[in-house]
Amino acid sequence: MSMIERCCLLGMVLLVMWTPSSGLGHSQHEQDIRAVKNSSLIQSPDVWRVLRAVNRSYFLDQEYMSENSSALAVNVGYGYSCECPHIASHILSLTEPYLKTPGSLILEIGTGSGYLTVCMNELLHEKSSICSLEINMKLLNRTIKKVESYYKDMGKKLKRERVSFLWWNGKRGYKTKCPFDVIYCSGLVSDEEFNQVRR
């Protein structure tokens, strides 16, 4: 199984039950970090640094979070979910060598909450770029605002020449910028659809 296929498999959206809760925020991030540490998946200090720095709960709506959110994918609205922390850590570990390679072009199919996009951007070489596709325009617009707000709160500015967000059905592929060094699919796709994307 290739690295791309493994990323696609890991990124499959999990359908989970959730119950509304409040007041999670910072404590939820600490739970996420503990969950990842206990999974023992992280070998890279840079991946560990990024996961500690980027608070996943910032990109999620409190109404969709529950006390066990650190072990589950969390609904982000519109029928989509955000990867659970240990899955995100595995995806980042697999893609890290490509993210750090100068001139790499990464395709993310399914922007979702933007959490993983930000994590990948934190590992991204200054001469590499990420193209993130999202089919749901309402979710995409909300996520772009959330990501830009995140960087503003961190005293930074999102470099849009390095990270681009596009309203597009990733199942149709995206030939404008291909070939890509990594294709990460965060949604469920059939074998036929995945092979079409690879072309």
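With mature numbering (1 follows the signal peptide of the UniProt record, and there is no 0) applied, the sequence shown corresponds to residues -23 to -1, 1 to 176, in that order. Where is the CB? At the ideal position from N, CA and C, for every residue including glycine. Quick caveat, the model's predicted, so the values are computed rather than measured.
Span of the alpha helix (DSSP H) around residue i
i, result
"S70", "62 to 76"
"Y92", "92 to 100"
Distance between beta carbons of residue j and residue i, contact taken as under 8 Å
i, j, result
"W145", "L116", "Contact doesn't hold; Cβ gap of about 13 Å is too wide."
"Y151", "T72", "Between T72 and Y151 the Cβ distance is about 17 Å, and since that is not below 8 Å, they are no contact."
"C59", "V53", "5 Å"
"F142", "I112", "About 12 Å separates the two Cβ atoms, so there is no contact after all."
"I86", "G147", "3 Å"
Spatial distance of residue i from residue j (CA atoms)
i, j, result
"S90", "E103", "23 Å"
"I68", "E7", "20 Å"
"Y127", "P22", "23 Å"
"C108", "K123", "17 Å"
"A65", "K77", "17 Å"
"Y75", "V159", "7 Å"
"V95", "R33", "10 Å"
"S(-2)", "E40", "Low local confidence applies: a pLDDT of 34 at S(-2) is under 50, so the model's placement there is unreliable, and no value is given."
"R119", "S70", "27 Å"
Opening and closing residue of the beta strand (DSSP E) in which residue i lies
i, result
"I86", "82 to 86"
"N52", "51 to 54"
"Y161", "159 to 162"
From the options, residue whose alpha carbon lies closest to that of residue i
i, options, result
"K136", "S105, V159, K148, R119", "S105"
"G56", "M114, R11, A65", "M114"
"L28", "G147, T88, E40, L100", "L100"
"T153", "L84, T94, L93", "L84"
"V140", "L82, D158, T78", "L82"
"R26", "E125, K129, V13", "V13"
Beta-bridge partners of residue i, as assigned by DSSP
i, result
"W144", "E111"
"C59", "V51"
"I19", "In the DSSP output, where bridge partners are listed per residue, I19 has none listed."
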